[in-house]
Amino acid sequence: MTQSVVIDELMTLVDPGKVLTDPASLDAYGKDWTKHYPPAPSAIVFPKTIDQVQAIVRWANRHKVALVPSGGRTGLSGAAVAAHGEVVVAFDYMNQILAFNEFDRTVVCQPGVVTRQLQQFAEDQGLYYPVDFASSGSSQIGGNIGTNAGGIKVIRYGMTRNWVAGLKVVTGKGELLELNKDLIKNATGYDLRQLFIGAEGTLGFVVEATMRLDRAPRNLTAMVLGTPDFDAIMPVLHAFQGKLDLTAFEFFSDKGLARILARGDVPAPFGTDCPFYALLEFEASTEEVANEALATFEHCVEQGWVLDGVMSQSDTQLKNLWKLREYLSETISHWTPYKNDISVTVSKVPAFLRDIDAIVGEHYPDYEVVWYGHIGDGNLHLNILKPDHMSKDDFFASCAKVNKWVFEIVERYSGSISAEHGVGMTKRDYLGYSRSPEEIACMKAIKAVFDPNGIMNPGKIFAPE
Ligand code: S2G
Ligand code: ZN
Numbered sequence: 009m010t011q012s013v014v015i016d017e018l019m020t021l022v023d024p025g026k027v028l029t030d031p032a033s034l035d036a037y038g039k040d041w042t043k044h045y046p047p048a049p050s051a052i053v054f055p056k057t058i059d060q061v062q063a064i065v066r067w068a069n070r071h072k073v074a075l076v077p078s079g080g081r082t083g084l085s086g087a088a089v090a091a092h093g094e095v096v097v098a099f100d101y102m103n104q105i106l107a108f109n110e111f112d113r114t115v116v117c118q119p120g121v122v123t124r125q126l127q128q129f130a131e132d133q134g135l136y137y138p139v140d141f142a143s144s145g146s147s148q149i150g151g152n153i154g155t156n157a158g159g160i161k162v163i164r165y166g167m168t169r170n171w172v173a174g175l176k177v178v179t180g181k182g183e184l185l186e187l188n189k190d191l192i193k194n195a196t197g198y199d200l201r202q203l204f205i206g207a208e209g210t211l212g213f214v215v216e217a218t219m220r221l222d223r224a225p226r227n228l229t230a231m232v233l234g235t236p237d238f239d240a241i242m243p244v245l246h247a248f249q250g251k252l253d254l255t256a257f258e259f260f261s262d263k264g265l266a267r268i269l270a271r272g273d274v275p276a277p278f279g280t281d282c283p284f285y286a287l288l289e290f291e292a293s294t295e296e297v298a299n300e301a302l303a304t305f306e307h308c309v310e311q312g313w314v315l316d317g318v319m320s321q322s323d324t325q326l327k328n329l330w331k332l333r334e335y336l337s338e339t340i341s342h343w344t345p346y347k348n349d350i351s352v353t354v355s356k357v358p359a360f361l362r363d364i365d366a367i368v369g370e371h372y373p374d375y376e377v378v379w380y381g382h383i384g385d386g387n388l389h390l391n392i393l394k395p396d397h398m399s400k401d402d403f404f405a406s407c408a409k410v411n412k413w414v415f416e417i418v419e420r421y422s423g424s425i426s427a428e429h430g431v432g433m434t435k436r437d438y439l440g441y442s443r444s445p446e447e448i449a450c451m452k453a454i455k456a457v458f459d460p461n462g463i464m465n466p467g468k469i470f471a472p473e
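So this is what it looks like as structure tokens:
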């Protein structure tokens, strides 16, 4: 724990009342959506300016105090958890949209801007911020950049990384770097901006981000298609990708759908019960495109890849179909799921799914396994639901035993042990399944450049030595 005299000095660096040490605040701001680690920060500090962030970092270097960045606290890998007396730096008071340029189609955001706020701002300008996921109503742009957030539109628009035109960061040394200056073309050496995107706050703090916007999509239309098995999903993807410019291609299992329908607030897509479901989306910009989608649906039915399906005819129906997928994370969170967020190249998905499903079936015979994810990106979310009779610790320990088999398969397919949720603390012990010793050494050397005293989010991404 950081002594009170050091915390007293911290209080002089920010506005009055912007350092909290009460138990409720320490608990609320010292965690993210993971339930693995009890939060135990020393204090929560709320800077309002870049100068204050620089002063906090210099203070932390003087006193060797570890800092943990905190945004919307929706992370799923423990990257924003302060479990060892760190000071949490929360950006809730740096939450303004500072500027918009209609010619560059860029928006300058402070890190505390909520993702949904940026999406709405873009819509108000007749444009579109295309990175979207279940937690966008509470996640913050700074955190989205820290984890290079992906979500449901990656198949068309890519990850957060694709939409960062420029960054201002305060490094672990307290320096302010202005990276890329919002340029589209800039071939002047290493693109340092890219290092901070996905660094999970281990190199420094994002203190301002210039985000790019895209044209607004036209007449987004979704289809939900029931398939007889895992194997049918990829031919369906291939068939539709050959005919349409998809904006999303997701999947979920019958167990996932059952949990959603049990809520009672989302209508079933159609009457046929199917083992798996694909949800795809495209712009029905013309009648021809919509007819092409229907023709492709018929083709998939003829091939036996699809048992039944529905296409949205209205914005309400579009939203209801998306609820079947987007409500999954929050719905199953009530069963304290053990989560894996794994990915392989799309061509390897069928074989990879078969191997993973076999291992899971062998080692989790009594647990309910809920599959869903962004299968069009090769990204699968494997969620094991905690049986009511088991304690959380016993359940997580039981699931962790299977990790080595799951990650050995990931390694065999040259996949990622963390497709979009980041490494944080939950995956740091498994980093070697996806990154070589040489790569890890390079990453640690880069961290030493920007954070020589190791105050920036220590223990995240890399296991403590
Ligand atoms: C998703 C959200 C977090 C989870 O729904 O695609 O990334 O529950 C997830 O895995
Ligand atoms: Zn996801």
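For the sequence shown, the positions run 9 to 473 when the numbering used here is used.
Even for Gly, the Cβ is constructed at its ideal location relative to N, Cα and C.
Keep in mind that this is a model prediction, so the values were computed, not measured.
In this structure leucine 245 does not touch phenylalanine 305 by the C-beta definition: roughly 13 Å separates them, more than the 8 Å allowed. Less than 8 Å divides the Cβ of glutamate 258 from the Cβ of glycine 381. If you ignore the 5 residues before and after leucine 211, its C-beta comes within less than 7 Å of the C-beta of Thr179, Gly180, Leu203, Phe204, Lys455, Phe458, Asp459, Met464, all in its own chain and listed in chain order. For valine 357, same chain residues with a beta-carbon under 7 Å away, outside a window of 5 residues either side, are Met242, Ile383, Gly386 in chain order. For methionine 319, the pairing in a beta bridge is given by DSSP as Met231. The beta carbon of lysine 189 sits closer than 7 Å to those of Gly174, all from its chain and outside the five residues before and after it, given in chain order. In summary, aspartate 253 is exposed, with fewer than 16 beta-carbon neighbours lying within 10 Å of its beta-carbon over all protein chains present. For glycine 312, the closest alpha carbon among the candidates Ala270, Thr324, Pro373, Pro236 is that of Pro236. Burial is judged here by how many other beta carbons sit within 10 angstroms of a residue's own beta carbon; glycine 250 has fewer than 16 and is exposed. Excluding its 5 nearest sequence neighbours in each direction, alanine 366 has no C-beta neighbour in its own chain below 8 Å. In this structure, the beta-carbon distance from valine 368 to leucine 393 does not fall below 8 Å. DSSP places glycine 381 within a strand segment (E or B) once states are collapsed to three.
In the three-state reduction of the DSSP assignment, lysine 251 falls in the coil class, being assigned neither a helical nor a strand state. Nearest Cα to glycine 145 within the set Gln128, Gly440, Tyr136: Gln128. With a threshold of 7 Å, the Cβ atom of leucine 21 does not count as near the ligand S2G, since no heavy atom of the ligand is closer than that. Rounded to whole angstroms, the Cβ separation of alanine 157 and phenylalanine 141 is 6 Å, and the two are in contact under 8 Å. The Cβ atoms of alanine 88 and valine 73 lie no closer than 8 Å to each other.
For alanine 217, the shortest C-beta to heavy atom distance toward the ligand S2G is 7 Å or greater. Of the heavy atoms belonging to the ligand S2G, none sits nearer than 7 Å to the Cβ of histidine 397. At least one heavy atom of the ligand ZN lies closer than 7 Å to the C-beta of glycine 381.
Not one heavy atom of the ligand S2G sits closer than 7 Å to the Cβ of aspartate 140. Here the distance from the Cβ of glutamate 428 to the nearest heavy atom of the ligand S2G is below 7 Å. Counting the other Cβ atoms within 10 Å of the Cβ of alanine 266 gives fewer than 16, which makes it exposed. Excluding the 5 residues flanking it on each side, leucine 187 has same chain C-beta neighbours closer than 6 Å at Leu175, Leu200, Arg201, in chain order. Going by DSSP, methionine 9 is part of no beta strand (DSSP E) at all; its letter is neither H nor E. The alpha carbon of aspartate 59 has as its nearest neighbour, out of Pro31, Val214, Val96, Asp40, the alpha carbon of Val214. In the DSSP annotation of this structure, the continuous segment of the alpha helix (DSSP H) that includes asparagine 69 starts and ends at 58-71. DSSP, reduced to helix, strand and coil, places cysteine 407 within a helical segment of the structure shown. DSSP places valine 215 in the strand class (E or B) of the three-state scheme. Here valine 96 really is in contact with proline 49; their C-beta atoms are around 5 Å apart, less than 8 Å. The stretch 52-66 and the stretch 93-110 touch, with three or more beta-carbon pairs separated by less than 8 Å. Looking at Leu302, Ile52, Pro47, the one whose alpha-carbon comes closest to that of leucine 21 is Ile52. Asparagine 69 and glycine 182 do touch by the CB rule: their CB atoms are close to 7 Å apart, below 8 Å.
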